[in-house]
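Asks: Supplied in structure tokens, the structure appears directly below.
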Amino acid sequence: MSWKTAYRSFYYEHAPEPDDPVLLAHETALLCIDVQNYGMVQSDDPDERARWEPFHSRMRQTLIPNLQAMQTRFRRNGIDVIHARIGCLLEDGRDRSLSQKLPGWNNLLMPTSTEASQIIPELAPAPGEIVVTKTTDSALTGTNLRLVLNNMGIRNLIVTGVYTDQCVSSTIRSLADESFFVILLEDCCAAGTDELHRRELEIINMIYCHVMNSDELIGLMGLS
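Shown next as structure tokens:
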């Protein structure tokens with residue numbers, strides 16, 4: 001099944017197949033969201049460690065190698081790679097959005113100076129690449145990324161990172177509302193569970209973005 005028919009939601013079950021998008025290199029960028037050290041830490045609690053093992057397996061076996069390869073291809077073809085990360089500007093986190101202050105898993109207190117807030121070494125920015133730091137889920141709402149993209153003439157974003165159903169989805173919805181054309185690379189993303197990942201792909205596909213895998217994008221763009 002190709003990207004044109006996969007991950008269809010109830011709303012788009014009978015929609016016509018989309019045309020191949022035209023993705024000019026100078027109008028396109030790869031956006032890597034929140035692949036940071038904090039997400040790679042495994043719990044000391046055996047039950048919690050086991051609960052999160054599918055996520056960590058996907059990170060090690062799927063997301064990291066696929067996104068590494070995609071970053072390499074974009075750089076080799078002279079196409080911009082942009083990074084976003086969560087990190088509060090104040091030590092006490094008062095500058096975070098409400099969604100990152102509420103009690104629970106998403107309550108992340110990570111000043112930008114901490115090791116936890118840094119992008120993992122395997123996917124670290126190359127010299128000169130743009131890195132935006134956000135205090136919201138959306139990389140567009142919480143930074144000057146919109147202005148930067150407009151100044152660069154970028155109209156198409158290839159979105160990757162974690163978590164599919166949270167910061168990735170939030171960013172994609174914001175980009176779509178601002179009339180950017182978005183492609184989500186499903187094999188360069190991960191959620192807490194594979195089910196959450198798949199469900200979110202179905203929810204956002206064909207309305208906020210088009211969902212593809214790496215090979216489909218490589219073929220579409222002719223990336224060497």
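Residue numbers for the sequence shown, in the UniProt record's numbering: 1 to 224. Here a beta-carbon is modelled for each residue, glycine too, at the ideal position from N, C-alpha and C.
1. Measuring CB to CB, does residue 9 end up less than 9 Å from residue 203?
2. Taking a contact to mean a Cβ-Cβ separation below 9 Å, would you say residue 112 touches residue 88 in this structure?
3. List in chain order: all unbroken beta strand (DSSP E) runs of 3+ residues lying wholly within the segment 180-216.
4. Classify residue 94 as buried or exposed, calling it buried when 16 or more other Cβ atoms lie within 10 Å of its own Cβ.
5. Going by Cα to Cα distance, which pick from 82, 208, 52 and 139 is closest to residue 105?
6. Which class does residue 111 belong to by DSSP, given the choice of helix, strand or coil?
7. With DSSP as the reference, label residue 218 as helix, strand or coil.
8. So for residue 153, helix, strand or coil by DSSP?
9. Looking at C-alpha atoms only, which residue of 127, 220 and 178 is the closest neighbour of residue 139?
10. Thinking just about the alpha-carbon of each residue, which of 7, 38 and 221 is nearest to the one in residue 118?
11. Can you tell me where the beta strand (DSSP E) with residue 29 in it begins and where it stops?
12. As a quick exercise: from 221, 211 and 222, pick the residue whose alpha carbon is nearest that of residue 2.
13. Can you find the residues in the same chain that come closer than 8 Å, C-beta to C-beta, to residue 194, ignoring five residues on each side of it along the sequence?
14. Just the C-alpha distance for residue 218 and residue 69, rounded to the nearest angstrom, thanks.
15. Please name the residue or residues paired with residue 100 in a DSSP beta bridge.
16. Quick check: the Cα distance between residue 205 and residue 7, rounded to an integer number of angstroms?
17. To which residues does DSSP link residue 134 through a beta bridge?
Replies: On the basis of the coordinates in this document:
1. Start at 1 with the first residue of the sequence shown, and residue 9 comes out as number 9. Start at 1 with the first residue of the sequence shown, and residue 203 comes out as number 203. With contacts defined by Cβ atoms closer than 9 Å, residue 9 and residue 203 form a contacting pair.
2. Along the sequence shown, one-based indexing puts residue 112 at 112. Along the sequence shown, one-based indexing puts residue 88 at 88. The beta carbons of residue 112 and residue 88 sit closer together than 9 Å.
3. Listed in chain order, they are 181-190 and 210-212.
4. Numbered from its first residue, the sequence shown carries residue 94 at position 94. Label assigned to residue 94: exposed.
5. Here residue 105 refers to the residue found at position 105 when the sequence shown is read from its first residue. Per the C-alpha coordinates, the member of 82, 208, 52 and 139 positioned closest to residue 105 is 52.
6. The residue you call residue 111 lines up with position 111 of the sequence shown. Reduced to three states, the DSSP call for residue 111 is strand.
7. The residue you call residue 218 lines up with position 218 of the sequence shown. When secondary structure is reduced to three states using DSSP, residue 218 falls in the helix class.
8. Locating residue 153 in the sequence shown gives position 153, counting from the first residue. In the structure shown, residue 153 sits in coil (DSSP, three-state: anything other than H, G, I, E or B).
9. The residue given as residue 139 occupies position 139 in the sequence shown. Ranked by how close their Cα comes to the Cα of residue 139, the residues 127, 220 and 178 have 178 in first place.
10. Taking the sequence shown and counting its residues from 1, the one referred to as residue 118 is at position 118. From the listed residues 7, 38 and 221, the smallest Cα separation to residue 118 is found for 38.
11. Locating residue 29 in the sequence shown gives position 29, where the first residue counts as 1. Secondary structure note for residue 29: its beta strand (DSSP E) is the uninterrupted segment 28-33.
12. Looking up residue 2 in the sequence shown gives position 2. Across the set 221, 211 and 222, the C-alpha of 211 shows the shortest separation from the C-alpha of residue 2.
13. Here residue 194 refers to the residue found at position 194 when the sequence shown is read from its first residue. Within the same chain, Cβ atoms closer than 8 Å to the Cβ of residue 194 are found at 54 and 58, the five residues on either side in sequence being excluded.
14. For the purposes of this step, residue 218 is taken as residue 218 along the sequence shown, with counting starting at 1. For the purposes of this step, residue 69 is taken as residue 69 along the sequence shown, with counting starting at 1. Residue 218 and residue 69 have their C-alpha atoms roughly 11 Å apart.
15. The count along the sequence shown starts at 1 and reaches residue 100 at position 100. According to DSSP, which records beta bridges pairwise, residue 100 is partnered with nothing at all.
16. The count along the sequence shown starts at 1 and reaches residue 205 at position 205. The count along the sequence shown starts at 1 and reaches residue 7 at position 7. Put simply, the backbone Cα of residue 205 is about 7 Å away from that of residue 7.
17. Within the sequence shown, residue 134 is the residue found at index 134, counting from 1. Under DSSP, residue 134 forms a beta bridge with 86.
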